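Worksheet: the structure to be examined is printed underneath.
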DNA sequence: ATCAAAAATACAATCGATTGTATTTTTGAT
DNA sequence: ATCAAAAATACAATCGATTGTATTTTTGAT
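Residue numbers (the working numbering), protein chains in the order written: chain A, 98 to 435; chain B, 98 to 435.
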């Protein structure tokens, strides 16, 4: 019961060599069809299941790719994962999904485990705490191909698939300006992550275009959880002048702010218009529905996987880092419709 | 670059035997401390990383458990996964997360891959399509311990960690009755899944308690996606008599119904009061907020993992299937507050 | 029927780590 | 200094599958 059948059990049962069994199970042309049939039948009878540990060890390769995301429960990341899985399964690869929960320590541990399991490659979106790249450089020196999506680090020779976050931040801010907002707050995340730096850059760029002075006190940095949104809103309300617009670098913090503001009797969008980022499903149903920036998660997953698989199957001398930049799109909803 | 360092490389560099290197890296008391220090230093210098494929193959065990859920993006399942990961990491196990996307074929493939990778055990919540248990029986015969959570099948000798769904369905329905509803619709899922059968049973039980006649046409079966909720609501509205309450076996379908009903000018909860199931985050922010049944996902994950680990480390003769049943709790919100 | 070529199968080494047993080295009591 | 016991290290087999090479069997032309 406990001891699984091996090719040797099949070989013994048929008085045949294990190498022939192995070749038969891999449908090698070197084995006679009749023999193959007998072996397959016996394998079935004994409930044989290939031991991938042994197979991968011998072949010195695995058909598994690892995926590291901050949180699987975020809609954006689960769409990316769906895209990854589709592209990977089509190519005959398995996928191991891991979440760092935004913690650097967990990210390090996960990278270690994936390397120890000799995955063929890794797709990752770094945690908010990732300000130290040793574990990633280690993976690079180790020769394991990997690729960033959405949240990347600047590491020589490593490709990434990104959203044009400057454009996204610009679009969000310009949209508020065109709706008549003059004093626009911004929730940003850790500046180590270029997505947040870029969304902020887009915000500033839009202000400049419309000649609205940039006031640093309107930019609030946090880890963008729901509670951070509520606190950010409180901070903005305490300013000596009124704000009439808010661009949050994610939907969750925008929603935290909305709940707080509604509770304070502030009318959205009339008193303050709001735009989020990521198009979480929750943004559609909250009242008022939240204007946001949609990111093509599924497509990001597919493209990232294809690029990674190319890298895996590429000769090491032809490697050249690519940056693939996709467009996001603004979805106008009630939180900014006035 | 491509060829990873092995214990033999370290052994050769120090003119020492590989077995000593192995023991040193595993901190065996049989190796002199000075030798350990030298080995560790050299291992670090060469960027050594244990090959788990080889190690697990030799030891004939892995410290990895597989988790199969229908969808990682469902809040309930991602909370369960958090609970699993916490309990597993505490015990020194790694977790492989897989999603069946409610498809039997994918569930089968995943089970196959996990078995081929020789996971120590599997935690699973079956897909809506799972009406055939061959792949699970195969896993059982194979000797791989596994355990169901939330959505289970009746398989002799396999434990499960469940919610008292009859009670949950009863609570939801009774709540509507106490709010004055006389004609209550119910959205149910595939009857192969006992969670849906039980929630329906709870619904019927509550009707009986309050002497409300059970009308089969008020029970609509579907796969409970958002679109199914909208269609179900349409069907209920087309009945020759009015309904004034709706209990949906999940939140997503309840939300689909709410959107449709609001669009039709039906007032919630005044015309129709609604209760969902699972306490998805979205249920809190939709307008009106959705009354629902909260399931202790994190706790389910922790308990399931502890039980599975017990099973893994148990002698095979002492196995006895357990059913652990946890309580759910009703969260009253505006969709039923009148 | 014979025999070279082709087809089928067997032999043996290997992937990297682990572990029981054997051997060598060190320790410390006399 | 000697020697048995203890400590440290080396040897060798093994986990299960794969694969290059060697050997055996089959095929089919003469």
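Even glycine gets a Cβ: it sits at the ideal position worked out from N, Cα and C.
Keep in mind the model is a prediction, meaning the values are calculated, not measured.
Suppose the cutoff is 7 angstroms on Cβ atoms and the five residues either side in sequence are ignored; what does the same chain contact list for residue 158 (chain B) look like?
As a position in the second chain, residue 158 (chain B) is number 61, starting the count at 1. So the qualifying residues of the chain are 217.
Endpoints, the beta strand (DSSP E) within which residue 256 (chain A) is located:
On the first chain, position 159 is the one that residue 256 (chain A) refers to. No beta strand (DSSP E) holds residue 256 (chain A); DSSP gives it neither H nor E.
Can you tell me whether residue 228 (chain A) is buried or exposed, with buried defined as 16 or more other CB within 10 angstroms of its CB?
Within the first chain, numbered from 1, the residue matching residue 228 (chain A) stands at position 131. Residue 228 (chain A) comes out exposed.
Can you tell which of B:105, B:193, B:186 and B:143 has its C-alpha closest to the C-alpha of residue 166 (chain B)?
Here residue 166 (chain B) refers to the residue found at position 69 of the second chain. If we check each option's Cα against that of residue 166 (chain B), B:193 comes out closest.
Reducing DSSP to helix, strand and coil, say where residue 283 (chain A) ends up.
In the first chain, counting from the first residue as 1, residue 283 (chain A) sits at position 186. Under the three-state reduction of DSSP, residue 283 (chain A) is assigned to strand.
Measure the alpha-carbon distance for residue 346 (chain A) versus residue 286 (chain A) and round it to whole angstroms.
Against the first chain, residue 346 (chain A) aligns to sequence position 249. Against the first chain, residue 286 (chain A) aligns to sequence position 189. C-alpha separation (whole angstroms): 7 angstroms.
Entirely enclosed alpha helix (DSSP H) segments - the stretch 173–216 of chain A, minimum 4 residues:
Here the runs fully enclosed are 201–213.
Please list, in chain order, all residues of the same chain as residue 290 (chain A) whose beta carbon is under 6 angstroms from its beta carbon, the five residues on each side excluded.
Taking the first chain and counting its residues from 1, the one referred to as residue 290 (chain A) is at position 193. Answer for residue 290 (chain A): 248, listed in chain order.
Residue 138 (chain B): buried (16+ other C-beta within 10 angstroms of its C-beta) or exposed?
Locating residue 138 (chain B) in the second chain gives position 41, where the first residue counts as 1. Result: exposed.
State the start and end residues of the unbroken alpha helix (DSSP H) segment that holds residue 135 (chain A).
For the purposes of this step, residue 135 (chain A) is identified with residue 38 of the first chain, where counting begins at 1. Residue 135 (chain A) -> alpha helix (DSSP H) spans 130–142.
Assigned secondary structure, residue 343 (chain B) (DSSP; H/G/I helix, E/B strand, else coil)
As a position in the second chain, residue 343 (chain B) is number 246, starting the count at 1. In the structure shown, residue 343 (chain B) falls within a strand segment according to DSSP collapsed to helix, strand and coil.
Are the stretch 218–225 of chain A and the stretch 195–208 of chain A in contact at 8 angstroms, needing three or more beta carbon pairs?
Enough Cβ pairs lie closer than 8 angstroms, so yes.
With burial defined as no fewer than 16 other Cβ atoms inside 10 Å of the residue's Cβ, what is the status of residue 129 (chain A): buried or exposed?
Locating residue 129 (chain A) in the first chain gives position 32, counting from the first residue. Its Cβ having fewer than 16 others within 10 Å, residue 129 (chain A) is exposed.
Given 8 angstroms as the limit, is there contact between the stretch 254–265 of chain A and the stretch 390–407 of chain A, that is, 3 or more CB pairs closer than that?
Verdict: yes, contact present.
Looking at residue 132 (chain B): is its Cβ nearer than 8 angstroms to the Cβ of residue 121 (chain B)?
Against the second chain, residue 132 (chain B) aligns to sequence position 35. Against the second chain, residue 121 (chain B) aligns to sequence position 24. It is a contact, given that the beta carbons lie within the stated cut-off.
Cross-strand partners of residue 428 (chain B) (DSSP beta bridge)
Locating residue 428 (chain B) in the second chain gives position 331, where the first residue counts as 1. DSSP output for residue 428 (chain B) lists B:389 as bridge partner(s).
Whether residue 322 (chain A) touches residue 352 (chain A) by CB criterion (8 angstroms)
Here residue 322 (chain A) corresponds to residue number 225 of the first chain, with the count starting at 1. Here residue 352 (chain A) corresponds to residue number 255 of the first chain, with the count starting at 1. Not in contact: residue 322 (chain A) and residue 352 (chain A) (Cβ atoms no closer than 8 angstroms).
Please report the distance separating the alpha-carbon of residue 151 (chain A) from that of residue 154 (chain B).
Within the first chain, the letter at position 54 stands for residue 151 (chain A). Within the second chain, the letter at position 57 stands for residue 154 (chain B). Approximately 6 angstroms, taken between the alpha carbons.
Check whether chain A comes within 8 angstroms of residue 348 (chain B), counting only Cβ atoms and requiring the distance to be less than that.
Along the second chain, read from residue 1 onward, the residue named residue 348 (chain B) stands at position 251. Any Cβ of chain A closer than 8 angstroms to the Cβ of residue 348 (chain B) would place that residue at the interface, and such an atom is absent.
Are the C-beta of residue 388 (chain A) and some C-beta of chain B separated by less than 8 angstroms?
On the first chain, residue 388 (chain A) is found 291 positions in, with the first residue counted as 1. No - not a single Cβ of chain B is within 8 angstroms of the one on residue 388 (chain A).
Please determine, among B:429, B:233 and B:142, the residue with the shortest C-alpha to C-alpha distance to residue 254 (chain B).
Counting from 1 along the second chain, the entry for residue 254 (chain B) is found at position 157. The option with the nearest alpha carbon to residue 254 (chain B) is B:233.
For a quick check, are the C-beta atoms of residue 64 (chain B) and residue 379 (chain B) less than 8 angstroms apart?
Residue coverage of chain B in this structure runs from 98 to 435, which leaves residue 64 (chain B) outside it and unanswerable.
Please report whether the beta-carbon of residue 105 (chain B) lies at a distance below 8 angstroms from any beta-carbon of chain A.
Mapped onto the second chain, residue 105 (chain B) falls at position 8. Chain A contact via Cβ: absent.
Could you check where the alpha helix (DSSP H) with residue 369 (chain B) kicks off and where it finishes?
Residue mapping note: residue 369 (chain B) aligns to position 272 of the second chain, counting from 1. Where residue 369 (chain B) is concerned, there is no enclosing alpha helix (DSSP H), given that its DSSP letter is neither H nor E.
Can you have a look at residue 196 (chain A) and say buried or exposed, based on whether 16 or more other CB atoms are within 10 angstroms of its CB?
Looking up residue 196 (chain A) in the first chain gives position 99. That one is buried.
Compute the Euclidean distance between the alpha carbons of residue 429 (chain B) and residue 384 (chain B), then round it to the nearest angstrom.
The residue you call residue 429 (chain B) lines up with position 332 of the second chain. The residue you call residue 384 (chain B) lines up with position 287 of the second chain. Distance between the alpha carbons of residue 429 (chain B) and residue 384 (chain B): 14 angstroms.
Compare the beta carbon distance of residue 394 (chain A) and residue 245 (chain A) with 8 angstroms and say whether it is the shorter of the two.
Taking the first residue of the first chain as 1, we reach residue 394 (chain A) at position 297. Taking the first residue of the first chain as 1, we reach residue 245 (chain A) at position 148. Result no, Cβ atoms of residue 394 (chain A) and residue 245 (chain A) do not sit closer than 8 angstroms.
Between the Cα of residue 364 (chain A) and those of A:191, A:433, A:303 and A:116, spot the shortest distance and give me the residue it belongs to.
Taking the first residue of the first chain as 1, we reach residue 364 (chain A) at position 267. Looking at the Cα atoms, A:433 is the closest of the given residues.
Environment of residue 366 (chain B) [buried if 16+ CB atoms lie within 10 Å]:
Start at 1 with the first residue of the second chain, and residue 366 (chain B) comes out as number 269. The residue is buried, with at least 16 neighbouring Cβ atoms inside 10 Å.
Would you tell me roughly how many angstroms separate the C-alpha atoms of residue 427 (chain A) and residue 214 (chain B), rounded to the nearest one?
In the first chain, the residue the question calls residue 427 (chain A) occupies position 330. In the second chain, the residue the question calls residue 214 (chain B) occupies position 117. Going from the Cα of residue 427 (chain A) to the Cα of residue 214 (chain B) covers about 43 angstroms.
Would the stretch 183–191 of chain A and the stretch 173–182 of chain B be scored as touching if the rule is three or more Cβ pairs under 8 angstroms?
no
Residues of chain A with a CB under 8 angstroms from the CB of residue 146 (chain B): which are they?
Walking along the second chain from the start, residue 146 (chain B) turns up at place 49. The contacting residues are 209, 212, 213 and 239.
Could you give the residue range of the beta strand (DSSP E) that holds residue 245 (chain A)?
Mapped onto the first chain, residue 245 (chain A) falls at position 148. That run of the beta strand (DSSP E) goes 243–246.
For the stretch 382–408 of chain A, which residues have a CB atom closer than 8 angstroms to at least one CB atom of chain B, in sequence order?
382, 383 and 384
So, with DSSP's three-state summary, where would you put residue 218 (chain B)?
Residue 218 (chain B) sits at position 121 when you count from the first residue of the second chain. Here residue 218 (chain B) sits in strand by DSSP.
For residue 219 (chain B), which option in B:235, B:102 and B:241 has the closest C-alpha, if you only look at C-alpha atoms?
Residue numbering aside, residue 219 (chain B) sits at position 122 when the second chain is read from its first letter. Per the Cα distances, B:241.
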